[in-house]
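A short worksheet on the structure shown next.
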Amino acid sequence: MLFDFGGTLDADGLPWKERVFRLFRAEGTTVSRERFDPAFYAADDALVGTLPATTSFRATVERLATGVAAALELSDHAIADRVARRFLADALRALDGNTPLLRELSRRYQLGIVSNFYGNLARVCEDAGIRPLFSVLVDSVEVGCTKPAPRIFQHALDALGVSASKATFVGDSLPRDMAGARDVGMRHIWLIGAEATSVSPCCRDDRQIRSLRELEAILL
179 MLFDFGGTLD
189 ADGLPWKERV
199 FRLFRAEGTT
209 VSRERFDPAF
219 YAADDALVGT
229 LPATTSFRAT
239 VERLATGVAA
249 ALELSDHAIA
259 DRVARRFLAD
269 ALRALDGNTP
279 LLRELSRRYQ
289 LGIVSNFYGN
299 LARVCEDAGI
309 RPLFSVLVDS
319 VEVGCTKPAP
329 RIFQHALDAL
339 GVSASKATFV
349 GDSLPRDMAG
359 ARDVGMRHIW
369 LIGAEATSVS
379 PCCRDDRQIR
389 SLRELEAILL
């Protein structure tokens, strides 16, 4: 059983970009989504492959928030610090809440993570306290390709020694997680989040959940 990390394990269906946007707005930054999105993508891309594998979860979020603030040309540098602290606290709270479920799942299934990340996924999972629950961690930087490429999913399946038809992927992104899992032949469960209204699934009869905890009724 495979999971996405950001927006899935550390938040119930809210991707990092949306959470960072809301936190900057909560700190009083007046910025439109049209201006924020390119700033976030630039800061995010700048971290890919440049962070040492030992970079902590805290340092990762701090670097990201600082990069976004710089791209937005904010004069108050303390805003990025506050955004980073709040983001990290929210993420660790969500991970802590999901850990009992992950522990139960790990007793029945081999678990893995497939993430478009920065090269330090293992360290981040250690900081979050979930590393021992997963048999394989696949970081896009280490593999050299990103979701939805079938190769990144197949890398995880090969490491677990299971076929795609015997595995399930859980993630929050329709174009990256659901489409990627579909193309490699895996079952997939879409974490749409509590705020989703009308959404169309990747495939007919796909399961959709609003909280990761709904997996208990489906898989346990």
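Per my numbering, numbering of the sequence shown is gapless, rising by one per residue and ending at 398. Built from N, CA and C at the ideal position, the CB exists for glycine as well.
Just confirm the distance between the C-beta atoms of residue i and residue j, as a whole number of angstroms; I'd bet it's less than 8 Å.
i    : j    : result
A342 : G363 : 4 Å
C381 : R360 : 6 Å
V348 : L335 : V348 to L335, Cβ: 15 Å. No contact.
T233 : D350 : Wrong, their Cβ atoms sit about 23 Å apart, outside the cutoff.
DSSP puts residue i in a beta bridge; with which residues?
i    : result
G290 : L180 and V314
G349 : W368
R391 : DSSP lists no partner for R391.
R385 : I367
Compute the Euclidean distance between the alpha carbons of residue i and residue j, then round it to the nearest angstrom.
i    : j    : result
A221 : G245 : 5 Å
D383 : T228 : 40 Å
A262 : Q332 : 33 Å
A243 : T207 : 13 Å
D259 : R281 : 32 Å
P328 : R264 : 34 Å
T238 : Q386 : 30 Å
R391 : A269 : 16 Å
A306 : T375 : 30 Å
R236 : E304 : 12 Å
A224 : D317 : 16 Å
S313 : V292 : 12 Å
V198 : R286 : 35 Å
P379 : L279 : 24 Å
L352 : G290 : 19 Å
S150 : D274 : Only positions 179 to 398 of the chain appear in the structure, and residue 150 is not among them; the question remains open.
I330 : V321 : 7 Å
A247 : I257 : 8 Å
For residue i, is the classification buried or exposed, using 16 other Cβ atoms within 10 angstroms of its Cβ as the cut-off for buried?
i    : result
I162 : Lying outside 179 to 398, the shown extent of the chain, residue 162 is not represented and no answer is given.
R271 : exposed
V319 : buried
A267 : exposed
L398 : exposed
What do you reckon, is the C-beta of residue i under 7 Å from a heavy atom of the ligand NAD?
i    : result
P216 : Although the ligand NAD was asked about, the structure shown includes no ligands whatsoever.
Under 8 Å Cβ to Cβ from residue i, same chain only, skipping five residues before and after it: list those, please.
i    : result
E373 : G191 and L192
L250 : F202, T207, V209, R213, F214 and A217
P230 : G297 and N298
Identify, in the order they occur along the chain, each residue of the same chain with its Cβ nearer than 6 Å to the Cβ of residue i, setting aside the five sequence neighbours on each side.
i    : result
T346 : M179 and R365
Suppose the cutoff is 7 Å on Cβ atoms and the five residues either side in sequence are ignored; what does the same chain contact list for residue i look like?
i    : result
G184 : P193, W194 and S293
E205 : I257, R260 and V261
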